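Student: Got a structure here, written out as structure tokens. Questions coming.
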Amino acid sequence: MVSKLSSAEVLNFLIIVSLILISARVLGELFRKIRQPVVIGEILAGIILGPSLLGTYAPGIFNDIFLSQPRAYAAFDGLSNVGIILLMFVAGLEVDIKQIRTQIKQAASISFMGLIIPFGIGFGMVYFFYNFLFSAPTNNILIPAMFFGTALSISALSVIAKVLMDLNILKSKIGNLILTAAMIDDFLGWILFSIIMQMLTGKGNSSSFASIGYVLLFVLFMMTIGKWIVNKMLKIAKKFLTPPGGVITLSICLCFLGAVFTEYLGIRGIFGAFLMGIAVGGSKHFTEVSQHILHQFIVNIFAPLFFASIGLRINFVTNFNLGIVLFIFIASCIAKLVGVGIGGWMSGMRRNESLAIAFGMNARGSIAIVLGLSALQAKIIDEPLFVSIVVMTVASILMAGPFMKFFLKRHQNVLTALASENIGSKIIQTENEMML
29 MVSKLSSAEV LNFLIIVSLI LISARVLGEL FRKIRQPVVI GEILAGIILG
79 PSLLGTYAPG IFNDIFLSQP RAYAAFDGLS NVGIILLMFV AGLEVDIKQI
129 RTQIKQAASI SFMGLIIPFG IGFGMVYFFY NFLFSAPTNN ILIPAMFFGT
179 ALSISALSVI AKVLMDLNIL KSKIGNLILT AAMIDDFLGW ILFSIIMQML
229 TGKGNSSSFA SIGYVLLFVL FMMTIGKWIV NKMLKIAKKF LTPPGGVITL
279 SICLCFLGAV FTEYLGIRGI FGAFLMGIAV GGSKHFTEVS QHILHQFIVN
329 IFAPLFFASI GLRINFVTNF NLGIVLFIFI ASCIAKLVGV GIGGWMSGMR
379 RNESLAIAFG MNARGSIAIV LGLSALQAKI IDEPLFVSIV VMTVASILMA
429 GPFMKFFLKR HQNVLTALAS ENIGSKIIQT ENEMML
């Protein structure tokens, strides 16, 4: 017989949800007012209410709220996991495959170099400095090394879009190029991480390779036949169900089914939700109105619960290691800036323009934190490393906008100077021709 939550447990669950949501939304809006990503305020809310601050300075209150009814907190943890599944579905909706195709050559150069070089540096960091970064010994360095390579190589599509909006270049050529490269980064990064998770759960080499094959087959299916099936289902929903509720309901159901399938395969459910989001977002029957409704509800209700819950899971004070934080932050910035900078140069861009794109692509965000949390839960990394990833993520977000603005301004000044020189040379050439 299924045991239901008692009245006291339901009350405690509602208190936790209310307190977390209110705190996360208030701090998120405060950060929005100072033109910073909302996610920073939401994480900070969890740190304040979690063991880092409230648990340290008012342990009695912390225990009464979060620890007195374990099943109530478990219910909240389940709700926050639903939130991240929905958030990754929304992230998938933002991936525009058509836009990737139109700028594929230049974006591919930027994205691939921005993936390969950071992946190599991240892999090498763990391979050569494992004892410095990790507290527990291991017989298999390959998986944590691959995870770090992935964590350093992936960008944050939603954060980058926000930075581009703040700079008012979202619709410009360079803005579209950055977004396209970030889309490729997101997509390939999740494939890499899903492969790592399969290798972790595989019981042998043959099992691991078979699991990797399943992952790649599922990606191929969702980008071809699966995408066509989703489009047909949305067409039927649009015709026979009340708009826009019918299409939205079907979309959410598809999101959960995708999560169920990948979780069954041994991959995290968030990967299936992300792929399903790409398929749904690519359908002409999923309108901008439906996407806007889903985006507003999930980003403002479910996402804050998840990001605030990060601060509740771990003590950021006791697990803060300055040496590891600085090592990871510096290495991650160098890796991404060098990789994307080389990619931009190879695609024919000028130095300042390449650096502007590099700092934009250097911004990590919710995906980096989700990857880190997934790795923490899978015991690939430990708490100090997870804290370092969160700090690296927040710092990279804060530095993206100002540095992009600085290098874009320098790029514009160079173009203006070159234009002036060309105009001047043409005038002199014309005068000489007239004299002759």
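In this note's numbering, the protein residues as written are 29 to 464.
Just so you know, even glycine gets a beta-carbon here, dropped at the ideal spot from N, CA and C.
Since this is a predicted model, take the numbers as computed values, not measurements.
Which term fits Phe-156, buried or exposed, when burial requires 16 or more other beta carbons within 10 angstroms of its beta carbon?
Tutor: In the sequence shown, counting from the first residue as 1, residue 156 sits at position 128. By the neighbour-count rule (16 or more Cβ atoms within 10 Å), Phe-156 is not buried but exposed.
Student: Just verifying my parser: in three-state terms, what is the DSSP assignment at Lys-231?
Tutor: As a first step, residue 231 must be located in the sequence shown, where it is residue number 203. Confidence in Lys-231 is poor, its pLDDT being 46 and thus under 50, which makes the residue's placement too unreliable to answer from.
Student: With distances taken from CA atoms, which of Gly-339, Lys-267 and Asn-390 is nearest Ile-48?
Tutor: Taking the first residue of the sequence shown as position 1, residue 48 is located at position 20. If we check each option's Cα against that of Ile-48, Gly-339 comes out closest.
Student: Roughly how many whole angstroms lie between the Cα atoms of Val-45 and Phe-90?
Tutor: By 1-based counting over the sequence shown, the position of residue 45 is 17. By 1-based counting over the sequence shown, the position of residue 90 is 62. C-alpha separation (whole angstroms): 14 Å.
Student: DSSP state of Phe-117, grouped into three classes?
Tutor: Indexing the sequence shown from 1 puts residue 117 at position 89. Phe-117: helix per DSSP, three-state reduction.
Student: Only counting the same chain, and skipping five residues up and downstream in sequence, which positions put a Cβ closer than 7 Å to that of Met-462?
Tutor: The sequence position of residue 462 within the sequence shown is 434, counting from 1. At Met-462 the pLDDT is 39, less than 50, meaning the model places this residue with poor confidence; the figure from the coordinates comes in the next sentence. Nothing listed; no residue qualifies.
Student: Buried or exposed: which applies to Thr-166, given that a residue is buried once 16 or more other Cβ atoms fall within 10 Å of its Cβ?
Tutor: Here the question's residue 166 lines up with position 138 in the sequence shown. Its Cβ having fewer than 16 others within 10 Å, Thr-166 is exposed.
Student: Report all residues from its chain with a CB closer than 7 Å to the CB of Leu-81; omit the five preceding and five following residues, and keep chain order.
Tutor: Locating residue 81 in the sequence shown gives position 53, where the first residue counts as 1. The answer, listed in chain order, is Ile-75.
Student: Exposed or buried, what is Pro-272 when buried is set at 16 or more other beta-carbons lying within 10 Å of its beta-carbon?
Tutor: The residue you call residue 272 lines up with position 244 of the sequence shown. In the assembly as shown, Pro-272 is a buried residue. Its beta-carbon has 16 or more other beta-carbons within 10 Å.
Student: To the nearest angstrom, how far is the alpha carbon of Met-116 from that of Ala-445?
Tutor: Residue mapping note: residue 116 aligns to position 88 of the sequence shown, counting from 1. Residue mapping note: residue 445 aligns to position 417 of the sequence shown, counting from 1. Near 44 Å, if we compare the C-alpha coordinates of Ala-445 and Met-116.
Student: What is the DSSP secondary structure of Met-377, counted as helix, strand or coil?
Tutor: Taking the first residue of the sequence shown as position 1, residue 377 is located at position 349. Reduced to three states, the DSSP call for Met-377 is coil.
Student: What did DSSP end up calling Thr-315 once you bin it into helix, strand or coil?
Tutor: Here residue 315 is taken as the residue at index 287 of the sequence shown, counted from 1. It is coil, neither helix nor strand.
Student: Assess, as a yes-or-no matter, whether the stretch 142-151 is touched by the stretch 164-182 under the definition of 3 or more beta carbon pairs within less than 8 Å.
Tutor: yes
Student: Exposed or buried, which one is Phe-334 when buried takes at least 16 other CB atoms within 10 Å?
Tutor: By 1-based counting over the sequence shown, the position of residue 334 is 306. Phe-334 comes out buried.
Student: If we require 4 or more residues per run, which alpha helix (DSSP H) segments fall completely within the stretch 235-283?
Tutor: 253-268
Student: Hey, quick one: how far does the alpha helix (DSSP H) through Glu-495 stretch, first residue to last?
Tutor: This structure cannot settle anything about residue 495, because the visible part of the chain is limited to 29 through 464.
Student: Quick check on DSSP: helix, strand or coil for Leu-39?
Tutor: Along the sequence shown, one-based indexing puts residue 39 at 11. In the displayed model, Leu-39 falls within a helix according to three-state DSSP.
Student: My assumption, with CB atoms under 8 Å, is that Gly-310 sits in contact with Ala-209. Please give the rounded CB distance.
Tutor: Reading the sequence shown from its first residue, position 282 is the one you call residue 310. Reading the sequence shown from its first residue, position 181 is the one you call residue 209. Not a contact, Cβ separation roughly 19 Å.
Student: With DSSP collapsed to three states, give me the class of Val-345.
Tutor: For the purposes of this step, residue 345 is identified with residue 317 of the sequence shown, where counting begins at 1. Note: Val-345 maps to coil in three-state DSSP.
Student: Identify the continuous alpha helix (DSSP H) that holds Asn-159 and give its terminal residues.
Tutor: Taking the sequence shown and counting its residues from 1, one reaches residue 159 at position 131. That run of the alpha helix (DSSP H) goes 132-161.
Student: Grouping DSSP H, G and I as helix and E and B as strand, with all else coil, what is Gly-78?
Tutor: Counting from one through the sequence shown, the residue named residue 78 turns up at place 50. Here Gly-78 sits in coil by DSSP.
Student: When burial is assigned at 16 or more other CB atoms within 10 Å of the CB, is Gly-254 buried or exposed?
Tutor: Counting from one through the sequence shown, the residue named residue 254 turns up at place 226. It counts as buried.
Student: Do Ile-356 and Ser-402 count as a contact pair if the criterion is CB distance below 8 Å?
Tutor: Sequence index remark: in the sequence shown, residue 402 carries index 374 (1-based). Sequence index remark: in the sequence shown, residue 356 carries index 328 (1-based). Contact flag unset, no.
Student: Determine the DSSP secondary structure at Asn-390, reduced to helix, strand or coil.
Tutor: Locating residue 390 in the sequence shown gives position 362, where the first residue counts as 1. Three-state result, Asn-390: coil.
Student: State the CB to CB distance for the pair Val-387 and Met-427, rounded to an integer number of angstroms; the pair is presumed to be in contact (CB under 8 Å).
Tutor: Taking the sequence shown and counting its residues from 1, one reaches residue 387 at position 359. Taking the sequence shown and counting its residues from 1, one reaches residue 427 at position 399. Here residue 387 turns out to be Phe, not Val, going by the sequence shown. With 8 Å as the limit, Phe-387 and Met-427 qualify as a contact, their Cβ atoms being about 7 Å apart.
Student: Just the C-alpha distance for Leu-55 and Pro-332, rounded to the nearest angstrom, thanks.
Tutor: As a position in the sequence shown, residue 55 is number 27, starting the count at 1. As a position in the sequence shown, residue 332 is number 304, starting the count at 1. Approximately 10 Å, taken between the alpha carbons.
Student: On a Cα-Cα basis, can you pick out the residue from Thr-290, Ile-197 and Ile-202 that is closest to Tyr-242?
Tutor: As a position in the sequence shown, residue 242 is number 214, starting the count at 1. In terms of CA proximity to Tyr-242, Thr-290 leads the group Thr-290, Ile-197 and Ile-202.
Student: Do Arg-99 and Leu-205 have their beta-carbon atoms positioned less than 8 Å apart in this structure?
Tutor: Reading the sequence shown from its first residue, position 177 is the one you call residue 205. Reading the sequence shown from its first residue, position 71 is the one you call residue 99. No, the Cβ-Cβ distance between Leu-205 and Arg-99 is not below 8 Å.
Student: Are the beta-carbon atoms belonging to Gly-120 and Met-304 less than 8 Å from one another?
Tutor: Translated into the one-based positions of the sequence shown, residue 120 becomes position 92. Translated into the one-based positions of the sequence shown, residue 304 becomes position 276. Against a cut-off of 8 Å, the Cβ pair of Met-304 and Gly-120 comes out as a contact.
Student: Given this structure, state the Cα-to-Cα distance separating Ser-318 from Pro-172, to the nearest angstrom.
Tutor: Within the sequence shown, the letter at position 290 stands for residue 318. Within the sequence shown, the letter at position 144 stands for residue 172. Whole-angstrom Cα-Cα distance: 39 Å.
Student: For Val-154, which residues of its own chain have a beta-carbon under 6 Å away from its beta-carbon, when the five flanking residues on both sides are left out?
Tutor: As a first step, residue 154 must be located in the sequence shown, where it is residue number 126. The beta carbon of Val-154 sits closer than 6 Å to the beta carbons of Pro-172, Ala-173 and Phe-176 from its chain, once the five residues preceding and following it are set aside; these are given in chain order.
Student: Can you grab the Cα-Cα spacing for the pair Val-308 / Phe-314, in whole Å?
Tutor: Sequence index remark: in the sequence shown, residue 308 carries index 280 (1-based). Sequence index remark: in the sequence shown, residue 314 carries index 286 (1-based). Straight-line Cα distance between these residues: approximately 7 Å.
Student: Do Leu-161 and Leu-365 have their CB atoms nearer than 8 Å?
Tutor: Stepping through the sequence shown from its first residue, residue 161 is reached at position 133. Stepping through the sequence shown from its first residue, residue 365 is reached at position 337. The answer is no: Cβ separation not under 8 Å.
Student: Ordered along the chain, which non-local residues of its own chain (more than five positions away) have a Cβ less than 6 Å from that of Gln-97?
Tutor: Position 69 of the sequence shown, counted from the first residue, corresponds to residue 97. Glu-37 and Asn-40.
Student: In this structure, how does DSSP classify Asp-105 when only helix, strand and coil are distinguished?
Tutor: Locating residue 105 in the sequence shown gives position 77, counting from the first residue. In this structure, Asp-105 counts as helix in the three-state DSSP scheme.
Student: Return the chain-ordered list of same chain residues with a C-beta closer than 7 Å to the C-beta of Val-118, the five sequence neighbours on each side being excluded.
Tutor: On the sequence shown, position 90 is the one that residue 118 refers to. Answer for Val-118: Gly-305, Leu-322, His-323, Ile-326 and Val-327, listed in chain order.
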